[in-house]
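Q: Right, I'll just put the structure down here and ask away after.
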Amino acid sequence: MKSFLSYTAVGIWCVLAIQFTGCGNTAELEKSLAEKDITIDKLEGEKRELQAENARLKTRVGDLENSLTGASGRAADLQRQVDELRARLERAKSPLESSNLDEAYREALRVFMEGRYEEAARAFEALLSAGIPDPLNDNCHYWIGESFFGLKRYTEAIARFDEVLSFEWSNKKDDSQVMIARCYARMGEVARARQEYQKLIDVYPASPYIDLARRRAGAM
Numbered sequence: 050m051k052s053f054l055s056y057t058a059v060g061i062w063c064v065l066a067i068q069f070t071g072c073g074n075t076a077e078l079e080k081s082l083a084e085k086d087i088t089i090d091k092l093e094g095e096k097r098e099l100q101a102e103n104a105r106l107k108t109r110v111g112d113l114e115n116s117l118t119g120a121s122g123r124a125a126d127l128q129r130q131v132d133e134l135r136a137r138l139e140r141a142k143s144p145l146e147s148s149n150l151d152e153a154y155r156e157a158l159r160v161f162m163e164g165r166y167e168e169a170a171r172a173f174e175a176l177l178s179a180g181i182p183d184p185l186n187d188n189c190h191y192w193i194g195e196s197f198f199g200l201k202r203y204t205e206a207i208a209r210f211d212e213v214l215s216f217e218w219s220n221k222k223d224d225s226q227v228m229i230a231r232c233y234a235r236m237g238e239v240a241r242a243r244q245e246y247q248k249l250i251d252v253y254p255a256s257p258y259i260d261l262a263r264r265r266a267g268a269m
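Going by the numbering used here, the sequence shown opens with residue 50, and the numbers climb by one from there.
And the structure:
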């Protein structure tokens, strides 16, 4: 009997020990699961942040690609303008590369007659730089002055006409003198214009501009 009771007590103790041990494992398991849930929530939050950042980066890449496309278009436009300017420069140089400067002079004069004064002035300047000889050298200065007159750059025009007058001989001297008078008249310097017309009358009495000079000087 005593032995039976002893065995029974031992059995009860073992059962209780197993139960207590099982409770401890369950609490630890629940704690571990809770920690895993927190970790999962944290990872999910980080995932959402990464997805949002990825979306922002894609948007930024799209903006940069659009900007690059626009910049490429502007660069292409600038390159076309540069190519056009180079082509125009080559066309302007082409007459000087010809051995026939007389032909180049006639071409520059044709450009002037068409009223393309800026281009004409550059063409005549190029002829001077190329060393065009007399008697066309003074003519180039004269037509540059006429081009400046057409562009209403009267001070520069006067300087060119004075250049013609400095030549020992030129068939454009009386033309230059009357143009100087016209420049001063356009600039509103009436007294100086009258003086220049009178100079033409005194210095170039055989000029075909004499009657014009007398009329305009008398009207001022």
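Even for Gly, the Cβ is constructed at its ideal location relative to N, Cα and C.
State the DSSP-derived secondary structure class of Leu200, mapped to helix, strand or coil.
A: Locating residue 200 in the sequence shown gives position 151, where the first residue counts as 1. Leu200 falls in the coil class under three-state DSSP.
Q: Is it the case that the Cβ atoms of Phe210 and Ala170 are separated by a distance below 9 Å?
A: Here residue 210 refers to the residue found at position 161 of the sequence shown. Here residue 170 refers to the residue found at position 121 of the sequence shown. Contact: no.
Q: Would you list, in sequence order, the uninterrupted alpha helix (DSSP H) runs of no fewer than 4 residues that lie entirely inside the segment 159 to 204?
A: If we require 4 residues or more, the alpha helix (DSSP H) runs fully inside the segment 159 to 204 come out as 166 to 178 and 185 to 199.
Q: Going by Cα to Cα distance, which pick from Gln128, Ala262, Leu99 and Asp187 is closest to Val227?
A: Position 178 of the sequence shown holds residue 227. Checked all of Gln128, Ala262, Leu99 and Asp187; the closest Cα to Val227 is Ala262.
Q: For Ala101, does the count of other Cβ atoms within 10 angstroms reach 16, so buried, or fall short, so exposed?
A: For the purposes of this step, residue 101 is taken as residue 52 along the sequence shown, with counting starting at 1. Ala101 should be labelled exposed.
Q: Can you name, in chain order, every residue of its own chain whose Cβ lies under 8 Å from the Cβ of Asp151, other than the five neighbours on each side?
A: As a working note, residue 151 is residue 102 in the sequence shown. Once the five neighbours on either side are set aside, the close Cβ partners of Asp151 are Leu185.
Q: Buried or exposed: which applies to Lys46, given that a residue is buried once 16 or more other Cβ atoms fall within 10 Å of its Cβ?
A: A question about residue 46 goes unanswered here, because the residues of the chain that appear run from 50 up to 269.
Q: Just how far apart, CA to CA, sit Cys189 and Ala125?
A: Start at 1 with the first residue of the sequence shown, and residue 189 comes out as number 140. Start at 1 with the first residue of the sequence shown, and residue 125 comes out as number 76. C-alpha separation (whole angstroms): 38 Å.
Q: Pull up the distance between the alpha-carbon of Tyr253 and that of Glu245, whole angstroms please.
A: To locate residue 253, count along the sequence shown from 1; it is residue 204. To locate residue 245, count along the sequence shown from 1; it is residue 196. Rounded to the nearest angstrom, the two C-alpha atoms are 12 Å apart.
Q: By alpha-carbon positions, which one of Leu92, Ala153, Arg97 and Arg202 ends up nearest to Pro182?
A: Position 133 of the sequence shown, counting from 1, holds the residue named residue 182. Looking at the Cα atoms, Ala153 is the closest of the given residues.
Q: Any Cβ of chain B within less than 9 Å of the Cβ of Ile87?
A: Considering every chain present, this structure includes no chain B. It has just one protein chain.
Q: Using three-state DSSP, classify Tyr253 as helix, strand or coil.
A: Indexing the sequence shown from 1 puts residue 253 at position 204. Coil.
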